[in-house]
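Every position in the sequence shown, counted from 1, becomes a number in the working numbering once 325 is added.
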Amino acid sequence: MMKLSLLAAALTLAVAAPQLSANVGADQAAKLGGELTPVGATKAASKDGTVPAWDGGLPKNGPLKDFYPHPEPLMSDKVLFVVNHENYTKYAQYLSEGSKELLKRYPDYVLNVYPARRTVSWPAFIYESTKKNATTCQLQGTDDLINCTQGFPFPIPTNGAEVVWNHKLKWRGDNVRRYNNQLIVQPDGSYQRTTLIEDVRFMYANKEHPGTLNANDHDYLNYLSETVAPPRTAGTFILVHDRTGEGNQGRVAWLYSPGLRRIRRAPNVQFDNPYQGTDGNQFYDQVDMFNGALTQYNWKLVGKREMIVGYNDYAMSEKNVSLNDLVRPHHLNQALPRYEIHRVWVVEADLKPGKSHVFKKRVMYVDEDSWNICAEDDYDNRGQLYKYNEGFSTFLPSVQTVGAVPQVIYDFDSGRYFVTAATNDSKPNDFSITFAPDYFTPAAVQKRTLR
326 MMKLSLLAAA
336 LTLAVAAPQL
346 SANVGADQAA
356 KLGGELTPVG
366 ATKAASKDGT
376 VPAWDGGLPK
386 NGPLKDFYPH
396 PEPLMSDKVL
406 FVVNHENYTK
416 YAQYLSEGSK
426 ELLKRYPDYV
436 LNVYPARRTV
446 SWPAFIYEST
456 KKNATTCQLQ
466 GTDDLINCTQ
476 GFPFPIPTNG
486 AEVVWNHKLK
496 WRGDNVRRYN
506 NQLIVQPDGS
516 YQRTTLIEDV
526 RFMYANKEHP
536 GTLNANDHDY
546 LNYLSETVAP
556 PRTAGTFILV
566 HDRTGEGNQG
576 RVAWLYSPGL
586 RRIRRAPNVQ
596 FDNPYQGTDG
606 NQFYDQVDMF
616 NGALTQYNWK
626 LVGKREMIVG
636 YNDYAMSEKN
646 VSLNDLVRPH
656 HLNQALPRYE
666 IHRVWVVEAD
676 LKPGKSHVFK
686 KRVMYVDEDS
696 WNICAEDDYD
706 NRGQLYKYNE
716 GFSTFLPSVQ
726 TVGAVPQVIY
736 DFDSGRYFVT
746 AATNDSKPND
756 FSITFAPDYF
766 TPAAVQKRTL
776 R
């Protein structure tokens with residue numbers, strides 16, 4: 326009887342212990358820089374040539390403090406075809422469910438599809454550290470990373486969670502100050518604007534001080550946002566220390582409210598709690614398409630497919646394009662976005678039994694060259710398509726990074742949409758900024774509010 330009890334206990338522990346993903350062998354890692362790009366994308370063109378071969382991407386150029394310049398090679402490109410309300414079923418194999426719904430609902434919604442340009446490149450040190458990670462980095466459960474340093478942790482992913490960690494840990498410069506315009510757009514096209522100043526220190530993908538994630542090293546990002554407009558929410562600060570791991574080991578956050586005049590811990594700054602000042606149109610884990618802990622979901626890697634996605638969208642961020650130019654009733658001004666056919670990883674996230682989230686299921690489409698989440702279909706607890714999260718992937722040559730500029734969240738229940746990470750009508754993002762060691766501390770934030 327005792328032997329049976331010990332066996333049962335051992336089996337229980339084995340089931341309860343977080344699964345450890347296997348890193349790839351040297352033979353697989355050797356493909357990086359060969360048949361695969363240095364960050365794990367397929368280097369060759371697609372069979373029909375729709376997706377071209379990767380030839381190294383665009384080179385680094387320009388100052389670190391800059392808008393998103395329109396690269397010369399793309400300026401002469403012409404529209405190949407237009408997907409619209411009448412013909413979208415012809416292109417269904419290339420479309421997300423969210424795109425199909427927008428095309429079905431709105432006769433004036435179109436996708437202008439241009440030749441695909443694989444513009445993305447990364448710094449040499451990211452290529453080097455990524456190749457090392459391929460044979461050393463492991464993921465325990467969904468949120469504990471082991472033996473990972475600086476580069477993409479999983480260039481040859483074996484599960485969906487690894488793909489999402491590649492998105493979360495991509496190189497974005499050592500530091501950045503971002504001027505973020507957010508719009509809550511009503512069905513008639515009227516909108517409410519909120520302006521944030523967002524400061525971020527990246528401790529993992531860092532050139533000067535490469536970060537390592539291991540048993541005792543968890544921090545990978547510090548974030549501080551200050552709301553500067555409108556007046557009713559101005560002076561609100563959100564401070565986040567993002568770490569690997571679940572529970573107390575993971576994210577730690579603080580909120581300063583002008584009404585309370587003090588900074589306090591904010592455990593709700595995560596998951597499907599609405600981001601402060603967005604009127605429920607953006608959840609905390611929708612910032613940067615997806616962020617925070619993965620623990621709420623089971624993650625499945627479906628594979629790759631070719632899709633029409635927003636890509637190389639420099640025209641949306643040009644200096645002469647205003648926020649008013651972006652907005653139209655029901656959807657963005659679709660004359661501005663550039664769409665291309667690219668290969669993406671498809672990742673499905675299904676809510677774990679016993680966990681709570683507004684989204685029962687999420688389907689993410691992740692660009693193979695940048696590991697940037699291009700789009701996400703979000704389903705409610707009835708299994709109905711609820712929101713569509715679209716990020717317009719844009720490569721910034723001065724830093725050699727990619728971001729969703731802007732990001733748009735469509736709500737199919739209310740008919741509203743939400744725009745964030747819009748750089749229009751503001752200063753350029755500053756990647757040359759540095760922060761004092763104690764800048765991202767509750768005490769430093771409290772001190773700023775007393776000035």
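Quick reminder that beta carbons are idealized off the backbone N, C-alpha and C, glycines included.
Cross-strand partners of residue i (DSSP beta bridge)
i	result
Asn749	Answer is none; Asn749 lacks a bridge partner.
Met269	With the chain covering 326 to 776 only, the question about residue 269 has no answer from this structure.
Ser739	Beta-bridge pairing links Ser739 to no other residue.
Gln463	Ile471
Glu715	Ala700 and Val733
Asn623	Asp675
His682	Its beta-bridge partners do not exist; DSSP assigns none.
Leu657	Val652
Glu665	Val634
Val438	Phe406 and Tyr664
Phe760	BP columns for Phe760 are empty, so no partner.
Val744	Leu508 and Val733
Asp610	Answer is none; Asp610 lacks a bridge partner.
Asp694	For Asp694, which the question treats as bridged, DSSP gives no partner whatsoever.
Val727	Phe720
Lys629	Trp670
Asp755	Lys390 and Arg502
Inter-residue CB distance, residue i and residue j (contact presumed, cutoff 8 angstroms)
i	j	result
Gly575	Arg568	6 angstroms
Tyr636	Glu665	4 angstroms
Gln463	Thr603	That belief does not hold up - the Cβ atoms of Gln463 and Thr603 are roughly 36 angstroms apart, past 8 angstroms.
Trp624	Ala459	Not a contact, Cβ separation roughly 19 angstroms.
Pro662	Asp694	Not a contact, Cβ separation roughly 19 angstroms.
Ile481	Val349	5 angstroms
Gln725	Thr745	Wrong, their Cβ atoms sit about 23 angstroms apart, outside the cutoff.
Leu710	Asn484	At roughly 25 angstroms, the Cβ-Cβ gap does not stay under 8 angstroms, so Leu710 and Asn484 are not in contact.
Pro396	Thr444	7 angstroms
Leu399	Arg442	6 angstroms
Thr519	Pro555	7 angstroms
Val770	Leu546	No, Val770 and Leu546 are not in contact; Cβ-Cβ is about 16 angstroms, not under 8 angstroms.
Gln659	Val435	5 angstroms
Whole-angstrom distance between residue j and residue i, CA atom to CA atom
i	j	result
Ala355	His667	24 angstroms
Val488	Leu775	42 angstroms
Leu383	Lys772	43 angstroms
Phe760	Phe392	21 angstroms
Glu422	Leu428	10 angstroms
Trp490	Leu585	36 angstroms
Asp544	Met528	7 angstroms
Thr407	Tyr416	As written in the sequence, residue 407 is Val, which differs from the Thr given in the question. So the two alpha carbons sit approximately 10 angstroms from each other.
Val577	Pro440	43 angstroms
Phe562	Ala351	46 angstroms
Gly716	Ala530	21 angstroms
Thr467	Met632	27 angstroms
Leu813	Gly387	The shown model of the chain, from 326 to 776, leaves out residue 813, and the question about it has no answer.
Gln611	Asn409	27 angstroms
Tyr452	Gly359	12 angstroms
Asn539	Leu470	6 angstroms
Asp702	Ser757	35 angstroms
Trp779	Gly628	The first residue shown for the chain is 326 and the last is 776, placing residue 779 beyond what the model contains.
Gln621	Tyr413	34 angstroms
Asp763	Met614	28 angstroms
Leu721	Arg590	35 angstroms
Gly381	Val364	11 angstroms
Ala768	Leu420	48 angstroms
Met641	Gln344	43 angstroms
Gln511	Thr362	42 angstroms
Gln607	Tyr600	6 angstroms
Thr766	Leu619	25 angstroms
Tyr735	Val672	20 angstroms
Lys712	His566	28 angstroms
Any chain C beta carbon closer than 7 angstroms to residue i
i	result
Pro762	The chain labelled as chain C is not found in the depicted structure, where only one protein chain is given.
Discussion item. Closer than 8 angstroms is the cut-off here; do at least three beta carbon pairs connect the stretch 678-686 with the stretch 635-650?
Written reply: no
Fill in: Segments assigned alpha helix (DSSP H), at least 4 residues, entirely inside the stretch 346-376
351-354
Item to complete: Kindly provide the ranges of any beta strand (DSSP E) runs that are 3 or more residues long and lie completely inside the stretch 489-539, ordered along the chain.
Response: 500-510 and 516-527
Fill in: Whole runs of the beta strand (DSSP E) within the stretch 538-596, excluding any shorter than 3 residues
544-554, 562-568, 577-582 and 587-590
Discussion item. Extract the residue ranges of the beta strand (DSSP E) inside the stretch 368-425, only unbroken runs of 3 or more that lie entirely within it.
Written reply: As far as the stretch 368-425 is concerned, its whole beta strand (DSSP E) runs of at least 3 residues are 406-408.
Item to complete: Please confirm if the stretch 517-525 is in contact with the stretch 542-558, defined as three or more CB-CB distances below 8 angstroms between the two stretches.
Response: Three or more beta-carbon pairs drawn from the stretch 517-525 and the stretch 542-558 are found closer than 8 angstroms, and the two stretches are therefore classed as touching.
Worksheet item: Per the contact definition of three or more C-beta pairs closer than 8 angstroms, is the stretch 463-474 in contact with the stretch 500-508?
Response: no
Item to complete: For the stretch 366-381 and the stretch 730-740, state whether three or more C-beta atom pairs, one from each stretch, are separated by less than 8 angstroms.
Response: no
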